[in-house]
Amino acid sequence: MKRHTRKGLTVAATIMLAGGLLAACGGNNNEENRPSAASASGASQTASTAGTSAQSIAISYYTALNANASAVVTSLSDVEMYKELQKRTGVAVNFKHPAVGQEKEQFNLLIASGNLTDVIETAWNDYPGGPSKALADGTIVKLNDLIAQNAPNLSKLMKENEAVDKMVRTDTGDIYMMPMINLGKYRSFDGPFFRKDWLDELGLKTPKTIGDWENTLRAFKEKKGATAPFTATAKKLKEFTMLPGAFGVSHGYYLDGGKVKYGPAQDGYKQYIALMNKWFKEGLLDPDTFANDTKKMESNLTSGKSGLIFGYIGGTMGTLTTSVRQTDPKFELVGAQYPVLNDGDKPQFVKRDPEVNASGQVGITKANAHPAETVKWLDTLYGEDGALLKNFGVEGLTYTMGNGKPTYTDLIMKNPDKLSPAQAMAKYFRANYPSPGLADDRYIEQYYTLPEQQEAAKTFAEYADLSLEHVLPPVTLTPEESEELAQIEGEVNTYLDEMTAKFIMGVEPIDNYDKFVSQLQKMKIDRAVELKQAAYDRYAKR
Amino acid sequence: MKAATAIRKDFARHKSIYLMAAPVILYYLIFHYTPIYGAIIAFKNFQPAQGIWGSKWVGFDQFDRFFHGYYFWRLLKNTLLISLYSILFGFPAPILLALLLNELRMRWFKRVVQTVTYLPHFISVIVISGILIDFISRDGLLNDLFAFFGADRVAFLAFPQYFRTIFVSSSIWQEVGWGSIIYLAALSAINPELYEAAKIDGAGRFKQIRYITIPSLVPIMAILLILRIGHVMEVGFEKIILLYRPTTYETADVIASYIYREGLGGFNYSYSAAIGLFQSVVNLALLYSAHRISKRMNGSGLW
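These protein sequences, in sequence, are chains A and B.
With this note's numbering, letter number 232 in the first sequence gets 232, and the count goes up by one each step, no holes.
Converting from the second sequence to this note's numbering requires adding 1000 to each position, the first position being numbered 1.
Here you go:
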């Protein structure tokens, strides 16, 4: 008996050791996978073809990898656009990417560690304390002079477009980043999508009012056997403004006649939450809404469990339609107008990208030894050639020129490796997600290959400009205001996420909504609104 | 002076032993003692740009904010409850398993059971959580079983009332085999003559367990329990972060997960350092009191 145990223990110890080794190896792999793959390659060829800059320099570049890109490359160094840019400018770039899903934490650690990369591309309004704080901290440097001296293309765009000039500055007029600029007519890329083939089969029109939506979802449930007629994730519900928009509010701060308001504290939001609760109880809203991730949500739609999804014209409508049609040729989605309460109303909260995108903004850090060269390098992306490179890639490879119009080659549109256009683009250039430089409408016109995509783009654009009255522009707060706001929002956001989910699931009765609002007030939400209002007033005066 | 020479002498005599201990001592110095310096940011308003020293002193403001914050009591309650349930159900489990294994006569069966029960210990917590989520989701295995018997499907992870059960029971499943190893080792050290004597006196299997096996295990149980109590305020927060959702914060959000959200996600490093420090101080106090109690009760403590 004693001998047996000892033998057992030996076996145990061996397995323990082996297990430990395995675990150690696994850990290493995971950590090393992401940020590596620096662009050591191609350094040799640059010297000979160096164009604008006299000697070749190398800059380190931090940015999160967009989902389209992370599906096809491990680093932006592998993206053709940057290889070509290096050939043209002689500037080598070492990309550093945070692990997917850890973007916010790793960005915060990067800032706190003080080991900054030369440039950081992010949404600078999300910097803890805001852009003014980033400048005051010395994390990034003021770009006014650098841009005036080294960025003729960007300077020209700023001079010609007042909105752009306003949005790249803080209240005191400091330029803190080089943005993605969109001057085209396409500004709304996402919205609600219904199963068109189901609507046709049931003899229904694309729903317009909230009542239509409800009836449609009910029909999907009863007649099409959809178990999650409206599929969603907690994040998507919060990201899209169309449903609270029908009740005249948004998920966060919004403008109402020049006055800042906080959506969840309004009566309209209570009505929205009550509606979601009703849909949840009736089984119209996906019962797994608060457990789903995007993948699960999309598979609900493609497997016929759902008939309504929120997403993008490209990445959702385009990608899903193309993939499902391989097995079900009848599958069709339609982009529905943002819903309204009464027939004839106009939707007020359609999502509309501003001239300067909220993300894809590049800041130059104090660690950068070549700020002038870096700005010059980035400025190429605002010029004609650079913008072509950003939006279309390399001539002959990813596009061809005819009659002065670039057209994507089959490498992008009918990729031999069966990549969707969204992914093929991400492999070669940065057109279909925010990135510094000048956007180009001609990309959208080709990107949306399906007629229903073109239609959806028109639908979403119809009332988009109305939201200008309601969407808070990118206001900047002073460092002190930011700190106060961050403290308030830290508590409020957790509370909001938790309570809205509970109200919708019915864990918390909707009758307690007023208690919820008074708790928000105890958490000083009114003060937060005040701070935003002050910042907005300053912005309006710029 | 005398002490110094004594140490020098001892060092000369046991050079290789000191050398062998050096890596461990260095490890603790570098990774456990040096970072304590950083804990002073709990009393500051830490701004990375100004560095640890350059940031402003704020005294106990961060602690004050936590103690008077909306979530303080809930976080404390959740942390303590999850910990308490883990000890209540999780602590006896490996002992029971060890006792059961000890009674087995079939060698191969015993080994198979041992291997099977401690395998989950080696699986990364991410994978464990992934498996759990798949098993208990609305279209998962567990719900398939329920549906087969005609019950309604339940999204277990979405409702606060299930969270603690899921957390504690999955932890037991993961750690029971591993935890039993130390008890099995202790069991093998029991003098077989004791059992022989008991048999001659007519004691059956149960009496042998009760009067010989369990009393022999008490000292090791005491030490493990004291150590466990020293971690009462620490809950395996990785698994919590992987399993909780806003809808289950009510029972699932613990101090450690709150620190994670506030510190790494919210950039409030000073605030989260203060909460972490508070947690460590409470742990230290608990560990010390458990040690004193054990010493008084059965004479064996940690030191």
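Where a beta carbon is used, it is the ideal one built from N, C-alpha and C, also for glycine.
Between the alpha carbons of residue i and residue j, how many angstroms are there, rounded?
{"i": "residue 1239 of chain B", "j": "residue 1167 of chain B", "result": "8 Å"}
{"i": "residue 1138 of chain B", "j": "residue 1281 of chain B", "result": "41 Å"}
{"i": "residue 1259 of chain B", "j": "residue 1276 of chain B", "result": "7 Å"}
{"i": "residue 56 of chain A", "j": "residue 91 of chain A", "result": "6 Å"}
{"i": "residue 1311 of chain B", "j": "residue 1022 of chain B", "result": "An answer regarding residue 1311 of chain B cannot be provided, because it is not within the stretch 1001 to 1303 covered by chain B."}
{"i": "residue 1304 of chain B", "j": "residue 1151 of chain B", "result": "This structure cannot speak to residue 1304 of chain B, because chain B is shown only from 1001 to 1303."}
{"i": "residue 194 of chain A", "j": "residue 1164 of chain B", "result": "39 Å"}
{"i": "residue 173 of chain A", "j": "residue 527 of chain A", "result": "25 Å"}
{"i": "residue 378 of chain A", "j": "residue 153 of chain A", "result": "10 Å"}
{"i": "residue 1195 of chain B", "j": "residue 1212 of chain B", "result": "7 Å"}
{"i": "residue 461 of chain A", "j": "residue 1047 of chain B", "result": "43 Å"}
{"i": "residue 1220 of chain B", "j": "residue 1183 of chain B", "result": "8 Å"}
{"i": "residue 1134 of chain B", "j": "residue 104 of chain A", "result": "26 Å"}
{"i": "residue 969 of chain B", "j": "residue 1289 of chain B", "result": "Residue 969 of chain B lies beyond the range of chain B shown here (1001 to 1303); nothing can be said about it."}
{"i": "residue 478 of chain A", "j": "residue 148 of chain A", "result": "25 Å"}
{"i": "residue 11 of chain A", "j": "residue 1110 of chain B", "result": "For residue 11 of chain A, the predicted structure reports a pLDDT of 47, less than 50, and the residue's modelled location is therefore unreliable. The matter cannot be settled from this model."}
{"i": "residue 226 of chain A", "j": "residue 280 of chain A", "result": "14 Å"}
{"i": "residue 1082 of chain B", "j": "residue 1279 of chain B", "result": "15 Å"}
{"i": "residue 1262 of chain B", "j": "residue 490 of chain A", "result": "7 Å"}
{"i": "residue 1224 of chain B", "j": "residue 1123 of chain B", "result": "23 Å"}
{"i": "residue 1148 of chain B", "j": "residue 287 of chain A", "result": "20 Å"}
{"i": "residue 102 of chain A", "j": "residue 1103 of chain B", "result": "48 Å"}
{"i": "residue 1024 of chain B", "j": "residue 1181 of chain B", "result": "24 Å"}
If residue i and residue j are in contact, beta carbons under 8 Å, what's the gap, nearest whole angstrom?
{"i": "residue 110 of chain A", "j": "residue 265 of chain A", "result": "With a Cβ gap of about 34 Å, residue 110 of chain A and residue 265 of chain A do not count as contacting."}
{"i": "residue 335 of chain A", "j": "residue 421 of chain A", "result": "The Cβ separation is near 17 Å, so there is no contact."}
{"i": "residue 506 of chain A", "j": "residue 277 of chain A", "result": "6 Å"}
{"i": "residue 1045 of chain B", "j": "residue 1272 of chain B", "result": "At roughly 13 Å, the Cβ-Cβ gap does not stay under 8 Å, so residue 1045 of chain B and residue 1272 of chain B are not in contact."}
{"i": "residue 429 of chain A", "j": "residue 119 of chain A", "result": "Rounded, the Cβ-Cβ distance is 19 Å, inconsistent with contact."}
{"i": "residue 189 of chain A", "j": "residue 338 of chain A", "result": "So it is not a contact: roughly 14 Å between Cβ atoms."}
{"i": "residue 948 of chain B", "j": "residue 1146 of chain B", "result": "Summary: the structure shown does not reach residue 948 of chain B, with chain B confined to residues 1001 through 1303, and so no result is reported for it."}
{"i": "residue 61 of chain A", "j": "residue 117 of chain A", "result": "6 Å"}
Looking at the C-beta of residue i, does it have a partner C-beta in chain A at a distance below 7 Å?
{"i": "residue 1203 of chain B", "result": "no"}
{"i": "residue 1265 of chain B", "result": "yes"}
{"i": "residue 1247 of chain B", "result": "yes"}
{"i": "residue 1183 of chain B", "result": "no"}
{"i": "residue 1070 of chain B", "result": "yes"}
{"i": "residue 1157 of chain B", "result": "yes"}
{"i": "residue 1138 of chain B", "result": "yes"}
{"i": "residue 1048 of chain B", "result": "yes"}
Can you confirm whether residue i, when its beta carbon is compared against all beta carbons of chain B, has any partner nearer than 7 Å?
{"i": "residue 208 of chain A", "result": "no"}
{"i": "residue 497 of chain A", "result": "yes"}
{"i": "residue 175 of chain A", "result": "no"}
{"i": "residue 111 of chain A", "result": "yes"}
{"i": "residue 406 of chain A", "result": "no"}
{"i": "residue 29 of chain A", "result": "Bear in mind that a pLDDT of 38 at residue 29 of chain A, under 50, signals an unreliable position, so the number given afterwards is only what the model happens to contain. By this cut-off, residue 29 of chain A is not an interface position."}
{"i": "residue 259 of chain A", "result": "no"}
{"i": "residue 138 of chain A", "result": "yes"}
{"i": "residue 604 of chain A", "result": "A question about residue 604 of chain A goes unanswered here, because the residues of chain A that appear run from 1 up to 542."}
{"i": "residue 280 of chain A", "result": "no"}
{"i": "residue 503 of chain A", "result": "no"}
List the residues that DSSP assigns as beta-bridge partners of residue i.
{"i": "residue 361 of chain A", "result": "A:122"}
{"i": "residue 181 of chain A", "result": "A:356, A:438"}
{"i": "residue 1056 of chain B", "result": "B:1045"}
{"i": "residue 60 of chain A", "result": "A:94"}
{"i": "residue 262 of chain A", "result": "A:253"}
{"i": "residue 395 of chain A", "result": "A:399"}
Residues of chain E with CB closer than 9 Å to the CB of residue i, please, in chain order.
{"i": "residue 1269 of chain B", "result": "This model lacks chain E altogether; the protein chains it does include are A and B."}
Taking 8 Å as the threshold, find out whether the region 490-504 of chain A comes into contact with the region 1241-1261 of chain B through three or more Cβ pairs.
yes
Validate contact between the region 268-282 of chain A and the region 235-254 of chain A using beta carbons, cut 8 Å, 3 pairs:
yes
Under 8 Å: do the region 460-470 of chain A and the region 202-218 of chain A share three or more Cβ pairs, one atom per stretch?
no
Quick one: any contact between the region 357-376 of chain A and the region 433-453 of chain A, if contact means 3 or more CB pairs under 8 Å?
yes
Whether or not the region 270-281 of chain A and the region 232-246 of chain A are in contact is what I'm after, with contact meaning three or more pairs of Cβ atoms, one per stretch, closer than 8 Å; do they touch?
yes
Taking one C-beta from the region 1063-1073 of chain B and one from the region 1214-1227 of chain B each time, how about it: are there three or more such pairs within less than 8 Å?
No contact exists between the region 1063-1073 of chain B and the region 1214-1227 of chain B.
Quick check: the region 399-417 of chain A against the region 437-454 of chain A, are at least 3 beta-carbon pairs closer than 8 Å?
yes
So, does the region 322-335 of chain A touch the region 214-232 of chain A, judging by three or more C-beta pairs under 8 Å?
no
Could you tell me whether the region 224-236 of chain A touches the region 301-316 of chain A, using the rule of 3 or more Cβ pairs below 8 Å?
yes
Counting pairs of beta carbons, one from the region 387-407 of chain A and one from the region 135-146 of chain A, are three or more of them closer than 8 Å?
no
Below 8 Å, can you find three or more Cβ-Cβ pairs linking the region 174-188 of chain A to the region 150-164 of chain A?
yes
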